[in-house]
Each structure stands twice: as C-alpha cells, then as structure tokens.
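Trainee:
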Amino acid sequence: MKTENTDLHLNDPDEIFEDARQYMNIGPSHPATHGTLRVMVRLNGETIEKSISEMGYLHRGKEKIAEHNTYHKFIPHTDRMNYCSSLMNNVAYVMAVEKVLQIEVPERTKYIRTICCEIARVIDHLICLGIGAVDLGAFSFFLYGFHQREEAYTVIEKLCGARLTTSYTRVGGLAMPPPDDFFLALKKWLDTFEPVFNEMDNLLTENKIFKDRTIGIGAFTKEQAMAYSFTGPCARASNINIDLRRDQPESGLVYDKVDFEVPLGKNGDVYDRYLVRMEEVRQSVRILRQLSEKCPKTGPIWCDDKRVVIPEKERVYNSMEAMIHHFKFFMEGFDVPPGEAYTAVEGPNGELGFYIVSRGGPMPWRLRVRAPSFYMYQSLDPMIKGQKIADLVASLGSINIIAGELDR
Amino acid sequence: MPKDGSPEILTTTVDAISNWARKNSLWPLPFGTSCCGIEMMAVLSSDYDMSRFGAEVVRFSPRQADLIICAGTITMKMAPVLKNIYEQMAEPKWVMAFGVCTSSGGIYNAYPVLQGIDTIIPVDVYIPGCPPSPEGVIHGLMQLQRRIQTGEYSKASRVRGRELGKLTGGDHKS
Amino acid sequence: MTETANANAKLNEKYDAHVARLQELLGATVIKVERDRQNVPIVWVKRDQVVAALRCAKDTNGLEYHFLSDLTAYDDVDGVDEGQGRFVVVYQLYSPQSKTRLRIKTRAEDGQGVPTATVVWEAANWAEREVFDLMGVKFDGHPDLRRILLDVRWQGHPLRKDYHWRKYQLFNDPEPIPEHLLKEGL
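Chains as they are written, first to last, in this note's numbering: chain D, 983 to 1390; chain A, 152 to 325; chain Z, 4 to 189.
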C-alpha cells in the first residue's frame, strides 16, 4: 500500500521503495569518473532524485603559480591543463600573451599553429568518444581510437619530441620549425586514420544498444545550455550555433582560409553530442588536408619583435650583447606592457579562454584560465535529475570533463 | 626449523615460488588522477601491453588489488582519499609512484599540491618522467618485479619519504 | 594583412556603438569606460547595480550579450586601478549575434558583498563560488556559497596577494559530506 507522501516522489512507475532513500557516493577514485570527480546522489531505487557534484581534487594552483613565474615558464603548465589536447592549450596561451603584447606572428607560424589545433581536436575527440563508449561497455571502439591516438603521437613526436605534454609553441613563434618529413607523416596518418574511423563509426552509430542507451539521455535544451554557458560540441548539439573558429577571423589562426562545416545537433542529448563529435573529427581531417597543402614550407617562424625573440645561437656565442640578452631573457623574462586582454579559442571541449592582466614586468598580475569543462560540469546536476544511475555514467562521459582543466 | 626463525631450505623454496607467483600476477589499482593517467592507459592498452607482465586485470576496488599505481598529481584534498584507499588494501601490497608529481610534487610546488606521496604512504618504486614514457613505465614495473622476487618488499625496507611536518607551515622561502 | 585590418575596423565600430548604447541606457551606473589591449570595451559599474547592468547588456535589442563567458576577480591590493575597493570582479560577456565581447568590472572591499549574477545566468553559480573560495569575495543572494576548489576546512584565500604560494595545509581525514544538502528537498 503506497502512502500519500508525494512531496519527494518523482512519478516513477517502478517505485516500490516509498520513503526509503539511498545516498550513494560516486567517489573521487572510481572507474567511471574521468579523473577525480565526486558525485553524491540521493537515489530512490535507481532513479536519481538529487545530486551534488564536487570538484577540486586536482586543483594545482596554476593561477597562483603563474603570478610567480615568467610568461614562458607557464607554457609547460598549459600542457597539463587539458592534457588530452595539449597542443591546443599551448597555442591558446601564447596567442593570449601575444595579444597583450600586440605582436603578430608570420603566416607560416599561423598555419602550423592551426594544424596543431586541429590535430589536438582529433585526438581529444577520440579520447572523449572512446572513454564514453567504454563506460557504456563498448571496448573495441576505445581500443581502435587509442591505437589511432598512438599513431598520432608518433606524428606529434616528429614535430616536437614529446607525446603528451608538448610545450611546442613560444610567445612570438614556435620552439622549432617542423621537420621536412612532417607533412608527409601527417598525410600518411590521415590516410590510415580515415578508414579506421569509418569502421569505428559503423560500430556504434547505428548500433541499437548504443542508441537505446544514449537517445533522450541527458538532454539539454537551447535555453538551458545558454544559461549554463555551454560552448563547444555540447552547445552545438543543443542547437547553439557558436563556433569561434568561424566567428573570430581576427584571432590569429587561419581558419578563414579553409572550408569546413560546423555540425549542429537538435536535441542536445548524449547521442547528439556523440554525432557532433564524430562529424567534427571528419571536418578536422578535411581541414588538416587543406592546411597541409597550403602551409608555406619555408619562411620565418619567429616574429620580428626583438623583445620576445631569443637571438640566434651564432650571435649568442660570438657577441657579448647577444649573450647578455639571451641570459636576461631566460633568467628574468621579457617585459609585457601594462594592460589586459581576454583571448578565446575554440578548444575541443569548448571556449578555452585566457584572461591576462599585466601591470608591467615579466610576470602576470593575474592569469585566469576559462576552462570549458568548469561550466559544463556545473550542469550535471540538472541534467541527470530524474534519470537512472546508469544514465549518469553516459551523461558524464558525453560532457567530456578533463579534470586538469576543470580544477587547474 | 631453527630456533631463531631464520629461513631454511623448505621455507626459502616456498618463498621463491610464492614470490614468483606474486610478481607475475599483479592486480593493479589504477589510481589515475591527471596526465599520467592517460599515459597509464596507454601502457595498459595494446601498444605497450602491460598484460605481458601479468598486470592485466585492473581492479578498481582496493580489496581486490595488490598494486596501487598512483598516476597523477595528488592534491591536499585528494591525499586523505589516497591514504584511505591504501589502508583498505590487504597485504601484500605494493605502491608505484608514477610520474614526478607523485614522486616529489613535480613542477607544482604550490599550496594545494602534496609534495610526493611518500609523505603519507610508503612507496616501492618511483617512475620519474612528466609523463614517463611507456618504456620507462615497463622498466619500472620490471624493477618492482625484481624486488618482489628477492623478497625486498617487506615493510621495514620500504622507503619513507620526508616528513611533511617540515613542509607544512614551515619556513617558506619564495 | 588588410583582411585583419578590415575585420578589426568593423569590430571597432561595433564596440563604439555598443558602448554608446550602454552608457545611454545605464547613465550614472557606469563609472568609466576603458579599452583593453585588443580594443574590447571595459565598463566599470557601481557595485550594487551590477546585476542591472548585466541584465541590460543581456536583454537589450542590439546588445544581446547572451553569453557569460567568464566570471572572475583579481586583487588590486596596490590600488593601481583607481577606485574604492580592493577586489575587482570581472564579467566577460560575448554576443553570438554581433560576435563581439564586452567586459564589465566592479569593485568590492574586503568583507563587502557583490550582488549575485545567478539571477541572470545559472552559469555564474560555480564561478562565484570559485571567486569566494580563492579570493574571499562574498556574493549576496547566492544559493550555496561554499568552497569549491579547496577543502572546506582550508583557512585563508590563496589567490590573494598576501597568501604565500607555498603555504601548505594537509588534512588527515577526507572531507565531510554535506549531508544537509542532500537531505533537502528537490
């Protein structure tokens, strides 16, 4: 006999527990949480009535560290924020510093930086989709994606020597020009990647089990998504047509020289986010092919401004002034004039922004990182209210929370 | 058995066999927090297969695992959680500090970061690198296996790092 | 090169038009208007009328800054930006229609509260919690103002200029679960 205590019930036809509630802690160490997140839920049977999400288990104090380090010393820290796509973070940060300095980099550097951004986007989407699929039980999808990530690591290693934490860009240019066979290796990787990606697509997109588990789950309407400051693939899946690659031609990357389409979803549920990400990978491959044709293969990669460029090694070894310049540059850093700027790029997860306040001197006064995962993790509580506990895992996987950028 | 408890041929043979069995069937608990977690996943997947060494079965419950791989920065908020999980594991257990953040705090010498997990739990093998290359991880795993085989993993011989008391609220020069 | 110059010129026109519109609508709420290094307008508003300014930027036809890109704060302990109040709270807004950005700033003294922006955007909820956690700026009317990035038992606000960057605080047991929040109604 059911009691009439209806104030806490959600009209669940399977409800047999009446007033009994279970409080479950999906703790910071859990196979299905991506990194260190904590969600505490109040369950009525299997239905989630209320949830509280906690973060901060990976807060490393990057913004405070930035105030005590020069601008160049922060570049390795940017790698480790969204560690699945570190090239993108590098590019975004140095572009932000260049905007405060008001310097322009040569064309070749812009092309190579855009190529880095697109490679980063592909590998980040591969990991997001892979881990999302693993959480739902589809293990082969993850392994195929991971193997392609390893192949991409070989390409990135050719470019800058590191697999995961690249630190490739510098303020005013790049650390080193790409080697001569880089574009060939890139093209070879793209050629092997596309058929494998089509196979991965065949595995999941029309798969009845996958569709049953993802359609209608975690749906967010356009108004809700705007209120929660969604950006990136999750926003586009909710039919918000914002893409900073297309909307910011003055940014310093060469997206206006290539054609690409921006996929939009309709319902904003987990399946739409999956489809938007899959299509974005295809568009990124298309962009990469066009860029590797158009990129100038010779030319300077450093800007002309002598304040931020280190002198050439020959001059450093042979002239006293160049050696002193080199020494002071690395020990004390370069001065940035007072002022501030907020620079945003379209990261794989959403709008990645850097707000730099400079009071003169070699260290920033305030460096704020606008991380896309921060604003999207906030929406987890309303997203899963009333759904089952298994849907929490699916929704969490679709938002693509990277704990490194969430907590900074 | 001699009166002073020193091992004889029967117990040493049994020890050798049981250590061989233990080292070749480690059940890791991947405690991956940040970037090293991705490298750990890369080592566990097919390109740099860790299951060749027997460490294939990843168990996310501390009661079922015997090797805890701490991969990624451990912050002050996460440290009690790590200690909790370590204490729930049953003996014999081993700890692998994967990456420089767990070995010594890494590039983060700042207020919320624990400067090395050896301040709160004893560590058996440290794998440096930011993140360590997968070959380095496999080398570290093989070192751990060597230690297990020789029986060096007893509690007395584990490395205990610096006391955190000297770091917390002590003199902090810039 | 001329393409970027053209794009920049068009953007500057839009910025000028938007700033003029805001000043005319808000009147005395606006203390001053500056430009940053990329010519994005910075509008300083009075602390108690910041929500009205945000609403005006969001809802007016022609301005339509529907998007809250970011909400943050910095510590102006030296008083370089003139004004009353140690902390400067910064709101970064983006307009998807006109593809322009706007920055609204306000100041608060240590201990003074700033009206919460959660009534305008839900996204401001956690951003304000983070500002409270790291800077110590309180927000009046916030539904649940507690620490987010650091342990609830942490003493001090690390991002302030007088907090040393290596002052560690280690706790022996895990954070207590906020039971009262879960037991409350929906």
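Don't be surprised by glycine CBs; every beta carbon is placed ideally from N, CA and C.
(1) Identify the residues that DSSP records as bridge partners of D:Trp-1171: which are they?
(2) Spatial neighbours of D:Val-1240 within its chain, please: CB distance less than 7 Å, with the 5 preceding and 5 following residues excluded, ordered by chain position.
(3) For Z:Val-83, does the three-state DSSP call read helix, strand or coil?
(4) Considering only residues of the stretch 1274-1316 of chain D, which uninterrupted beta strand (DSSP E) runs meet the minimum length of 3 residues and lie entirely inside it, listed in chain order?
(5) Just to confirm my understanding: we take D:Asp-1287, look at its own chain, exclude 5 residues before and 5 after, and list those with CB closer than 8 Å. What are they?
(6) Cutting at 7 Å between CB atoms, please list the residues of its own chain near Z:Lys-164, excluding the five before and the five after it.
(7) What's the gap between the Cα of D:Asn-1221 and the Cα of D:Gly-1247?
(8) What number of angstroms, rounded off, separates the C-alpha of D:Ala-1217 from the C-alpha of D:Ile-1224?
(9) Report the rounded CA-to-CA distance for Z:Glu-16 versus Z:Thr-103, giving the unit in angstroms.
(10) Taking C-alpha atoms, which residue in A:Ile-299, A:Leu-292 and A:Arg-298 lies nearest to A:Ala-206?
(11) Between Z:Trp-2 and chain A, is any beta-carbon pair separated by less than 9 Å?
(12) Rounded to whole angstroms, what's the CA-CA distance from A:Cys-252 to Z:Tyr-68? Just pull it up for me.
(13) Taking contact to mean at least 3 C-beta pairs separated by less than 8 Å, is the stretch 32-41 of chain Z in contact with the stretch 1296-1314 of chain D?
(14) Is DSSP giving D:Thr-969 helix, strand or coil here?
(15) How would you write the range of the alpha helix (DSSP H) that A:Pro-285 sits in, first residue to last?
(16) Which bits of chain A does D:Lys-1046 rub up against, with CB to CB less than 8 Å?
(17) Under 6 Å Cβ to Cβ from D:Glu-1028, same chain only, skipping five residues before and after it: list those, please.
(18) Let me know if A:Gly-320 comes out buried or exposed under the rule of 16 or more other beta-carbons within 10 Å of its beta-carbon.
(19) Could you run through the stretch 217-231 of chain A and flag, in chain order, every residue whose CB is less than 7 Å away from some CB of chain D?
(20) Rounded to whole angstroms, what's the CA-CA distance from D:Val-1471 to D:Gly-1009? Just pull it up for me.
(21) Closest by CA to D:Ile-1097, which one among D:Leu-1141, D:Glu-1181, D:Tyr-1324 and D:Ile-1292?
(22) Mapping DSSP to helix, strand and coil, what is Z:Glu-37?
(23) Please report how far the alpha carbon of D:Glu-1100 lies from the alpha carbon of Z:Gly-144, in whole angstroms.
(24) Output, in chain order, the set of chain A residues within a Cβ distance shorter than 9 Å of Z:Asp-201.
(25) Taking Cβ positions, are D:Ile-1440 and D:Ser-1377 nearer each other than 9 Å?
(26) For Z:Asp-176, return the contacting residues in chain A, with the cut-off set at a CB-CB distance below 7 Å.
(27) Confirm, please, whether the CB-CB distance from D:Arg-1090 to D:Gly-1281 is below 9 Å.
(28) Quick one: grab the DSSP three-state call for Z:Asp-123.
(29) Within this structure, are the beta carbons of D:Ser-1355 and D:Ile-1338 separated by less than 9 Å?
(30) When the distance is taken between beta carbons, is Z:Gln-95 closer than 9 Å to Z:Leu-74?
(31) Consider the Cβ of A:Leu-180: report whether some Cβ of chain E lies at a distance smaller than 9 Å.
(32) When the Cα of D:Ala-1353 is compared with those of D:Ala-1326, D:Ser-1266, D:Arg-1289 and D:Ile-1034, which residue comes out closest?
(33) Smallest Cα separation from D:Met-1260: which of D:Arg-1350, D:Glu-1188, D:Ala-1157 and D:Pro-1088?
(34) Give me the Cα-Cα distance between D:Val-1267 and D:Gly-1119, rounded to the nearest whole angstrom.
(35) Spell out whether any CB of chain D is found under 9 Å from the CB atom of A:Gly-287.
(36) To which residues of the same chain is D:Asp-1373 closer than 7 Å at the C-beta, ignoring the five residues directly before and after it?
Mentor: If we stick to the structure as given:
(1) The partner list for D:Trp-1171 (beta bridge, DSSP) is empty, contrary to what the question assumes.
(2) Ile-1269, Gln-1272 and Leu-1273
(3) Of the three classes helix, strand and coil, the one that applies to Z:Val-83 here is coil, per DSSP.
(4) none
(5) Leu-1083, Ile-1085 and Gly-1154
(6) Asp-78 and Val-80
(7) 5 Å
(8) 8 Å
(9) 11 Å
(10) A:Leu-292
(11) The structure shown does not extend to residue 2 of chain Z, since chain Z is modelled only from 4 to 189, so the question has no answer here.
(12) 41 Å
(13) no
(14) The requested residue 969 of chain D is not part of the displayed model; chain D covers only 983 to 1390.
(15) 285-301
(16) Ala-261 and Tyr-262
(17) Lys-1370 and Ile-1371
(18) Only weak support is given to the placement of A:Gly-320: the predicted model assigns it a pLDDT of 39, under 50, and the value that follows is read from those uncertain coordinates. Answer is exposed; the Cβ neighbour count stays below 16.
(19) Contacts with chain D (Cβ-Cβ distance below 7 Å) from the stretch 217-231 of chain A involve Thr-224, Thr-226, Lys-228 and Met-229, listed in chain order.
(20) Shown here, chain D extends from 983 to 1390; a query on residue 1471 of chain D therefore has no answer.
(21) D:Leu-1141
(22) In the structure shown, Z:Glu-37 sits in a strand (DSSP, three-state: E or B).
(23) 42 Å
(24) A question about residue 201 of chain Z goes unanswered here, because the residues of chain Z that appear run from 4 up to 189.
(25) It is not possible to answer for residue 1440 of chain D, since the shown part of chain D is limited to 983 through 1390.
(26) Pro-231
(27) yes
(28) Residue identity differs from the one stated: residue 123 of chain Z is Val in this sequence, not Asp. Note: Z:Val-123 maps to coil in three-state DSSP.
(29) no
(30) yes
(31) Absence of chain E from the displayed structure is noted, the protein chains being D, A and Z.
(32) With distances taken between Cα atoms, D:Ala-1353 lies closest to D:Ala-1326.
(33) D:Glu-1188
(34) 27 Å
(35) no
(36) Counting only Cβ-Cβ distances below 7 Å, and skipping sequence neighbours, we find Ile-1199, Gly-1200 and Ile-1366.
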